[in-house]
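Taking it in order: structure first as structure tokens, then the write-up.
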Amino acid sequence: MGMPAGPYLLTPPGVYAPQHDTDLLARALRREDIDTSTEVLDLGTGSGALAVHAARLGARVTAVDISRRAVLTARLNALLAGRRVTVRRGDLTAAVPGRSYDLVVSNPPYVPSPSARLPSRGAARAWDAGHDGRAFVDRICDTAPAALRAGGALLIVHSALCGTRPTLDRLAAAGLDASVTDRAFVPFGPVLRARRAWLRRQGLLTDENLEELVVIRAEHS
Numbered sequence: 469m470g471m472p473a474g475p476y477l478l479t480p481p482g483v484y485a486p487q488h489d490t491d492l493l494a495r496a497l498r499r500e501d502i503d504t505s506t507e508v509l510d511l512g513t514g515s516g517a518l519a520v521h522a523a524r525l526g527a528r529v530t531a532v533d534i535s536r537r538a539v540l541t542a543r544l545n546a547l548l549a550g551r552r553v554t555v556r557r558g559d560l561t562a563a564v565p566g567r568s569y570d571l572v573v574s575n576p577p578y579v580p581s582p583s584a585r586l587p588s589r590g591a592a593r594a595w596d597a598g599h600d601g602r603a604f605v606d607r608i609c610d611t612a613p614a615a616l617r618a619g620g621a622l623l624i625v626h627s628a629l630c631g632t633r634p635t636l637d638r639l640a641a642a643g644l645d646a647s648v649t650d651r652a653f654v655p656f657g658p659v660l661r662a663r664r665a666w667l668r669r670q671g672l673l674t675d676e677n678l679e680e681l682v683v684i685r686a687e688h689s
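This note's numbering puts the first residue of the sequence shown at 469, with every later residue one more than the last.
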């Protein structure tokens, strides 16, 4: 599994580098009916990998991140890829008030953390999401539906460590039909390995070495 070959993506320190979750969401994008009229919103774009991928598929793409460094990185990566991507700095859908899209995609921070406080800088900003890992996932479930056009869809990827059923239920409460469309089991990276004992104490581990990633697709019912 992997994203199609293309220009090397710059990923400076503090900006999330494409990983297994990025690949899963890229694969989900390729299953969508995307053409030059499709408008895509990428929430929490990081390096811009998914935004550039959507642009390669022909979409008109707007990418959002609250990190200045990520915004600059995404702009540069789009330029290097020769793709037009509008990149805005802001807090999720608040960066595009009143706008609606055919597809909203997001690979948000989702890793449960011993600290309830969300980091305001540094690399951990790209993955830490509070004790339950849902600080950003829940907000996206609540706000993304208003940014979807009729017939539009949300694609979100996250770890099962932060709860698959809560995401499905929250999207249903927001009026969307949601289901898991893809999943993968990947070896723990350094962050989860360092937190293994804490995750075990929280009762979050079903496997000591593999993390389950899920892609959830949701559309207006």
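Virtual Cβ for every residue (Gly too), placed ideally from N, Cα, C.
| Asked | Found |
| --- | --- |
| For GLY470, is the classification buried or exposed, using 16 other Cβ atoms within 10 angstroms of its Cβ as the cut-off for buried? | Note that GLY470 has pLDDT 45, beneath the 50 cutoff, so the model's placement of it is unreliable and no number is given. |
| Please report the residue range of the beta strand (DSSP E) in which VAL648 lies. | 644-655 |
| Just to check my reading of the structure: ASP533 and THR513 have Cβ atoms closer than 8 angstroms, yes? What is that Cβ distance to the nearest angstrom? | 5 angstroms |
| Restricting to Cα atoms, I'd like to know which of ALA527, LEU644, ASP559 is closest to VAL539. | ASP559 |
| How would you label PHE653, buried or exposed, when you count the other beta carbons within 10 angstroms and need 16 or more for buried? | exposed |
| So if DSSP puts SER574 in a beta bridge, which residue, or which two residues, is it bridged to? | LEU511, ILE624 |
| From ASP650 to LEU623, what does the alpha carbon distance come to, in whole angstroms? | 11 angstroms |
| Determine the burial state of ALA527: buried for a count of at least 16 other Cβ atoms within 10 Å of its Cβ, exposed for fewer. | buried |
| Any idea if PRO472 is buried or exposed, counting beta-carbon neighbours within 10 angstroms, 16 or more meaning buried? | Its pLDDT being 44, under 50, PRO472 is placed unreliably in this model, and the coordinates cannot settle the point. |
| For a quick check, are the C-beta atoms of LEU544 and LEU477 less than 7 angstroms apart? | no |
| Going by Cα to Cα distance, which pick from THR561, ARG556, ASP570, VAL553 is closest to ALA621? | ASP570 |
| In its own chain, which residues sit with a C-beta less than 7 angstroms from the C-beta of GLY590, not counting the 5 before and 5 after it? | GLY482 |
| Strictly by DSSP, which residues pair up with LEU616? | TYR569 |
| Is any heavy atom of the ligand ADP found at a distance shorter than 6 angstroms from the C-beta of TYR578? | With respect to small molecules bound, the structure shown includes none, and the ligand ADP cannot be examined in it. |
| From the DSSP output, in three-state form, read off HIS688 for me. | strand |
| What residues in its chain sit with their C-beta under 8 angstroms from that of LEU672, if we drop five residues either side in the sequence? | PRO580, LEU629 |
| Is THR561 helix, strand or coil when you go by DSSP? | helix |
| Start and end of the beta strand (DSSP E) containing ARG589? | Element bounds for ARG589: n/a, residue is neither H nor E. |
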